[in-house]
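Encoded as structure tokens, the structure appears first; notes follow it.
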Amino acid sequence: MASEVGYVEQTGEKNFRGVLKLLTYQGEIEFVPCISERENAPEMLVYSRGVEIGSASRRIGKSSGKEHVSIALKHPQITNGRPVLFANLGKKPDQDDDRVFSIIMN
Numbered sequence: 001m002a003s004e005v006g007y008v009e010q011t012g013e014k015n016f017r018g019v020l021k022l023l024t025y026q027g028e029i030e031f032v033p034c035i036s037e038r039e040n041a042p043e044m045l046v047y048s049r050g051v052e053i054g055s056a057s058r059r060i061g062k063s064s065g066k067e068h069v070s071i072a073l074k075h076p077q078i079t080n081g082r083p084v085l086f087a088n089l090g091k092k093p094d095q096d097d098d099r100v101f102s103i104i105m106n
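Under full-length UniProt numbering, the first residue of the sequence shown carries the number 1, and numbering increases by one thereafter.
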């Protein structure tokens, strides 16, 4: 079962701002473009309170063929002992604004 753990609003092509709401952590988050020449570098870095907490990249769904944003959260205060928490951005229910997305844990 998918679980919504926050939301973001797209503020630029690779920029998002919003709120992350986990049992162990709640705070504002921001996705900013990652500038790197490495081939496998993420497209965006995820920050909360000025600290990098993860990364995000656009992906194409295997079964749907649709583009989505995949998130990997890696900060110990957020992952609660697990090495990485994975999530995706999806259309926020009951929202008419196409720039607002739910953060959905995998």
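The beta-carbon is built from N, C-alpha and C at its ideal position, and this holds for glycine as well.
- [ ] Out of P93, G50 and N88, point me to the one whose CA is closest to I104's CA.
- [x] When only C-alpha atoms are compared, the closest one is N88.
Open item on the list: Applying the 10 Å Cβ sphere with the 16-neighbour rule, what's the burial state of L50?
Closed with: Checking the sequence shown, residue 50 turns out to be Gly, not Leu. Within a 10 Å sphere around the beta-carbon of G50 sit fewer than 16 other beta-carbons, which makes this residue exposed.
Task: Any beta strand (DSSP E) of 3 or more consecutive residues that is wholly inside the region 16 to 59 - done: 26 to 33 and 44 to 48
Task: Three-pair Cβ contact test at 8 Å for the region 11 to 19 versus the region 70 to 79 - done: no
- [ ] Quick one: using the 10 Å Cβ neighbour count with 16 as the cut-off for buried, is V69 buried or exposed?
- [x] buried
Open item on the list: Output needed for E52: all residues of its chain with C-beta closer than 6 Å, excluding positions within five of it in sequence on either side, in chain order.
Closed with: Only L45 meet the Cβ criterion.
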